[in-house]
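One structure is given below, encoded as structure tokens.
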């Protein structure tokens, strides 16, 4: 994930993600006026525009964007693209020094997840971990959950709370706050289990960092 910080941090929530970059070298294509507040150093694109990280191949499109280099990027109507991932969100609020980004109404897609949606999400770029909460569901693998923590680096995910997972004719269900489901992605296949390996238990600690 360390590449997207530069563009906006979010680069693909995933794996080769360029997510933690620092927004150091990017070009701006405003759709309308570009306003710089000399007192605060904040640049606003009230009609939106496109930020492009030419070095890392990242492209952020927003219907409204404001940013301050080295500090933050905020956008609405977000479409973030890299060579491997796609992020669509209602809003994005990226704290560049912390290498963290918050999303609302996020839809994410990469080699492992298709149509992964959540009401809100928090990406930790340095750790390459993404927390999703609120009506979490994915088209592939077929999953519904209260909370999902994805480790992009390790290629695994942990669902916490009630969940439903379907694979072919088989269905796994968990009820209540103590329910857990572990997913591991290997060679284009998914291994699902309600037995949580010790290596994945740590992912549960991230869930509390997103209210």
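Numbering (my numbering), first residue to last: 1 to 211.
Just so you know, even glycine gets a beta-carbon here, dropped at the ideal spot from N, CA and C.
*Considering only residues of the stretch 85-125, which uninterrupted beta strand (DSSP E) runs meet the minimum length of 3 residues and lie entirely inside it, listed in chain order?*
Listed in chain order, the complete beta strand (DSSP E) runs (minimum 3 residues) inside the stretch 85-125 are 86-95, 100-109, 116-124.
_Candidates 169, 82, 105, of which the one nearest residue 92 by Cα_ = For residue 92, the nearest C-alpha among the options comes from 105.
*Is residue 204 helix, strand or coil when you go by DSSP?*
In the structure shown, residue 204 sits in a helix (DSSP, three-state: H, G or I).
*Using alpha carbons as the reference points, say which of 54, 33, 53 lies closest to residue 44.*
The shortest C-alpha separation from residue 44 is found at 33.
*Would you please state the rounded distance, in angstroms, between the beta carbons of residue 213 and residue 204? I believe it to be under 8 angstroms.*
Since the first residue of the chain shown is 1 and the last is 211, residue 213 is not available in this structure.
_Checking 8 angstroms against the spacing of the C-beta atoms, do residue 101 and residue 156 come in under that value?_
A distance of 8 angstroms or more separates the beta carbons of residue 101 and residue 156.
*residue 70, buried or exposed, once every other Cβ within 10 Å from all chains shown has been counted against 16*: By the 10 Å Cβ count, residue 70 comes out exposed.
*According to DSSP, residues forming a beta bridge with residue 34*: For residue 34, which the question treats as bridged, DSSP gives no partner whatsoever.
*Looking at the structure shown, is residue 71 part of a helix, part of a strand, or coil, going by DSSP?*
In this structure, residue 71 counts as coil in the three-state DSSP scheme.
_Between the stretch 137-148 and the stretch 113-121, can you find at least three pairs of beta-carbon atoms closer than 8 angstroms?_
In this structure the stretch 113-121 touches the stretch 137-148; the number of beta carbon pairs closer than 8 angstroms is three or more.
_the stretch 82-90 touching the stretch 162-180, judged by at least three CB pairs closer than 8 angstroms_ = As far as the Cβ criterion goes, the stretch 82-90 does not touch the stretch 162-180, which means the pair count is below three.
_By the three-class DSSP mapping on this structure, what secondary structure does residue 53 have?_
If DSSP states are grouped into helix, strand and coil, residue 53 belongs with the strands.
*Cβ of residue 49 within 8 angstroms of Cβ of residue 66?*
Judged by beta-carbon spacing, residue 66 lies beyond the 8 angstroms limit of residue 49, meaning their Cβ atoms are not closer than that value.
*Taking residue 143 as the reference, give the member of 132, 166, 197, 42 with the closest Cα.*
Measuring from the Cα of residue 143, the nearest candidate turns out to be 166.
*Closest by C-alpha distance to residue 59, when choosing among 194, 84, 107*: With distances taken between CA atoms, residue 59 lies nearest to 84 out of 194, 84, 107.
*Closest by CA to residue 40, which one among 81, 132, 192, 72?*
Measuring from the Cα of residue 40, the nearest candidate turns out to be 72.
*Give the C-beta separation of residue 210 and residue 120 to the nearest angstrom, bearing in mind that I take them to be a contact with Cβ-Cβ under 8 angstroms.*
Taking C-beta atoms under 8 angstroms as the contact rule, residue 210 and residue 120 qualify, at a distance of about 7 angstroms.
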